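Residue numbers (full-length UniProt numbering): 1 to 382.
Cβ coordinates follow ideal geometry from the N, Cα and C atoms, glycine included.
Remember, it's a predicted structure, so these values are computed and weren't measured experimentally.
Structure below.
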């Protein structure tokens with residue numbers, strides 16, 4: 001990455017932010033979407049994703065030779081921040097753009113890069129991640145899904161669970177065991193790019209507490225994939241996954257999932273007036289969000305410069321996901337509002353969404369307990 005790409009001027013960032021805001025204002029005025037909490041997890045709108053791709057707001061850090069924009073991680077951060085703050089429906093492309101494009105760029109063959117990445121950048125190819133497994137909890141290394149080498153193909157058997165977006169995904173990046181047993185832990189794991197749908201891969205929706213089904217159980221019934229599906233080096237799956245998780249845990253979605261609720265409450269207080277206690281709560285929440293923003297922006301800068309901010313990313317995810325839930329509690333207490341999924345105001349609806357989604361904040365992407373272990377080890381603590 002050139003230094004010119006790293007040192008983006010404030011004027012460029014301000015102009016980009018204004019462009020994204022104007023686009024979103026137009027989309028909202030035309031009724032193209034309704035702001036939602038947690039929209040990066042549940043807001044599946046393939047047409048909206050394609051419109052972002054048309055504007056060059058997907059694959060922003062991808063080299064031009066693979067259909068990307070060759071822009072900086074900080075510019076991508078600006079676009080991502082505005083989309084999340086407005087509650088835009090970005091879930092369809094989110095996983096593909098956030099970590100699969102960087103993962104394939106870092107580890108994929110030339111054929112894999114040329115096939116998948118331009119479509120990701122165009123907003124026409126969506127990915128799921130096959131990591132978590134039944135009965136494994138947060139133990140990512142407890143992989144029992146097995147890929148057997150047939151020479152010119154692989155046969156995959158096993159089950160993945162809590163797989164976001166598998167029902168609309170065109171492909172999945174799968175972590176499977178190619179050697180040894182689950183007792184070998186991080187050893188003997190490999191990654192595969194598996195195209196979907198597949199006749200021997202069963203996708204079962206899992207309804208969450210709000211009735212939506214963006215999670216899935218994915219069952220591999222001895223599914224055969226070509227030998228070219230191997231992503232990166234055989235046996236290096238754990239190392240590759242750890243690198244990808246830095247992208248998953250570091251983005252502003254780790255503290256902005258409930259920002260549409262904060263914005264809606266701010267608008268409500270502006271219209272109706274605020275008590276001293278409500279102004280105090282609003283100020284405290286805004287200050288916390290700003291501090292987390294500075295931390296998350298630093299992760300983007302380190303990624304841009306070629307660093308590996310694993311510890312800082314884990315810290316942002318831990319603090320950010322805790323803040324998201326705390327924000328819901330603080331606003332619910334200070335507003336005295338009754339959450340309503342239907343029949344109330346937009347604020348009531350966003351509050352109801354937030355209450356129902358809060359239990360997942362500190363679980364997805366690694367529980368906070370796991371993340372604190374990463375931070376402790378990274379800081380040399382025992």
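Residue i, DSSP secondary structure in three states
i: residue 160; result: strand
i: residue 172; result: strand
i: residue 204; result: strand
i: residue 13; result: helix
i: residue 212; result: coil
i: residue 191; result: strand
i: residue 183; result: helix
i: residue 154; result: strand
i: residue 53; result: helix
i: residue 130; result: strand
i: residue 267; result: helix
i: residue 139; result: coil
i: residue 92; result: helix
Spatial distance of residue i from residue j (CA atoms)
i: residue 294; j: residue 379; result: 20 Å
i: residue 383; j: residue 173; result: Absent from the model: residue 383. The displayed extent of the chain is 1 to 382, so no value can be given.
i: residue 218; j: residue 206; result: 10 Å
i: residue 259; j: residue 86; result: 8 Å
i: residue 49; j: residue 340; result: 28 Å
i: residue 235; j: residue 228; result: 15 Å
i: residue 369; j: residue 134; result: 19 Å
i: residue 335; j: residue 329; result: 10 Å
i: residue 158; j: residue 164; result: 17 Å
i: residue 71; j: residue 372; result: 32 Å
i: residue 150; j: residue 353; result: 47 Å
i: residue 19; j: residue 79; result: 9 Å
i: residue 62; j: residue 318; result: 28 Å
i: residue 160; j: residue 152; result: 24 Å
i: residue 449; j: residue 314; result: Outside the displayed range of the chain (1 to 382) lies residue 449, so it cannot be described from this structure.
i: residue 111; j: residue 214; result: 30 Å
Any non-hydrogen atom of the ligand HEM within 7 Å of residue i CB
i: residue 36; result: Summarising the ligand content, the structure contains no ligands, and the ligand HEM is consequently not present.
Anticipated Cβ contact below 8 Å, residue i with residue j, distance rounded
i: residue 383; j: residue 88; result: With the chain running from 1 to 382 in the structure shown, residue 383 is simply not present.
i: residue 223; j: residue 201; result: 5 Å
i: residue 21; j: residue 82; result: 6 Å
Below 8 Å, can you find three or more Cβ-Cβ pairs linking the stretch 280 to 288 to the stretch 342 to 356? The answer is no - the stretch 342 to 356 does not touch the stretch 280 to 288, with fewer than three Cβ pairs under 8 Å.
Any chance the stretch 236 to 248 sits against the stretch 258 to 276, with 3 or more Cβ pairs inside 8 Å? No, the stretch 236 to 248 does not touch the stretch 258 to 276.
Which residue spans inside the stretch 221 to 257 form an unbroken alpha helix (DSSP H) run of at least 4? Entirely contained in the stretch 221 to 257, the alpha helix (DSSP H) runs reaching 4 residues are, in chain order, 237 to 250, 253 to 256.
Contiguous alpha helix (DSSP H) assignments of at least 4 residues, all confined to the stretch 320 to 362: Restricted to the stretch 320 to 362, the alpha helix (DSSP H) segments that are unbroken, complete and at least 4 residues in length are 346 to 361, listed in chain order.
Taking contact to mean 3 or more Cβ pairs, one atom from each stretch, closer than 8 Å, check whether the stretch 57 to 66 and the stretch 104 to 120 are in contact. Touching, yes, given that three or more Cβ pairs across the two stretches are closer than 8 Å.
Contact between the stretch 99 to 109 and the stretch 27 to 44: three or more CB pairs below 8 Å? Judged by Cβ distances under 8 Å, the stretch 99 to 109 makes no contact with the stretch 27 to 44, as fewer than three pairs qualify.
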